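Counting from 1 along the sequence shown, just add 607 to a position and that's the residue number in our numbering. Presented below is the structure to which this report refers.
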Amino acid sequence: MSREKFREFDMVIFGASGVTGYYVLEEIANCVEAAEIKWAVAGRNIKNLREALDTVQDYSRKNIDITSIPIIVADVENSSSIIEMCKRTKLLLNCVGP
608 MSREKFREFD MVIFGASGVT GYYVLEEIAN CVEAAEIKWA VAGRNIKNLR EALDTVQDYS
668 RKNIDITSIP IIVADVENSS SIIEMCKRTK LLLNCVGP
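Take a look at the structure:
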């Protein structure tokens, strides 16, 4: 069996509390139920990620609860946190940027 089958998540949105990440988070939240994927959000600040999940939940067109989506703390300045995040997922959507 391939290693990917043993990953904790199918997808992680890295930088989910930024402008691009927020948009991606909103789109995923509105279509993920049908796809039945395991996903998480990641970034430097757990408070900002929690606020992004709460805000998207409030405006979501679907009746699903995304406030319990797992949060991974990872920072581009800390290479070991990036490596550990990547080990946990099959697909990393990098939304980090200036």
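Each residue gets a CB set at the ideal place from its N, CA and C atoms; glycine is no exception. Remember, it's a predicted structure, so these values are computed and weren't measured experimentally.
Euclidean distance between Cα positions of residue i and residue j
{"i": "Ile676", "j": "Leu660", "result": "8 Å"}
{"i": "Met692", "j": "Cys638", "result": "23 Å"}
{"i": "Leu698", "j": "Glu658", "result": "23 Å"}
{"i": "Asn685", "j": "Ile679", "result": "13 Å"}
{"i": "Phe613", "j": "Trp646", "result": "14 Å"}
{"i": "Gly625", "j": "Leu632", "result": "10 Å"}
{"i": "Ala681", "j": "Tyr630", "result": "19 Å"}
{"i": "Leu656", "j": "Val619", "result": "12 Å"}
Own chain partners of residue i with C-beta closer than 6 Å, once the 5 adjacent residues on each side are dropped
{"i": "Gly622", "result": "Gly628, Gly650, Cys702 and Val703"}
{"i": "Glu615", "result": "Arg695"}
Bridge partner(s) assigned by DSSP for residue i
{"i": "Val639", "result": "Bridge partners of Val639: none, in fact."}
Coarse secondary structure for residue i, derived from DSSP in three states
{"i": "Val648", "result": "strand"}
{"i": "Ile679", "result": "strand"}
{"i": "Ile620", "result": "strand"}
{"i": "Gly628", "result": "helix"}
Residues of its chain near residue i, where Cβ-Cβ distance is below 8 Å and the 5 sequence neighbours each way are ignored
{"i": "Ala636", "result": "Val663, Gln664, Ser667, Lys669, Ile671 and Ile673"}
{"i": "Asp617", "result": "Ile644, Lys645, Trp646, Thr696, Lys697 and Leu698"}
Start and end residues, alpha helix (DSSP H) containing residue i
{"i": "Asn655", "result": "Ile653 to Tyr666"}
Limits of the beta strand (DSSP E) - the one that residue i falls within
{"i": "Asn701", "result": "Thr696 to Asn701"}
Short CB-CB distance (under 8 Å) between residue i and chain B
{"i": "Pro677", "result": "Among the protein chains of the structure shown there is no chain B, as only one such chain exists."}
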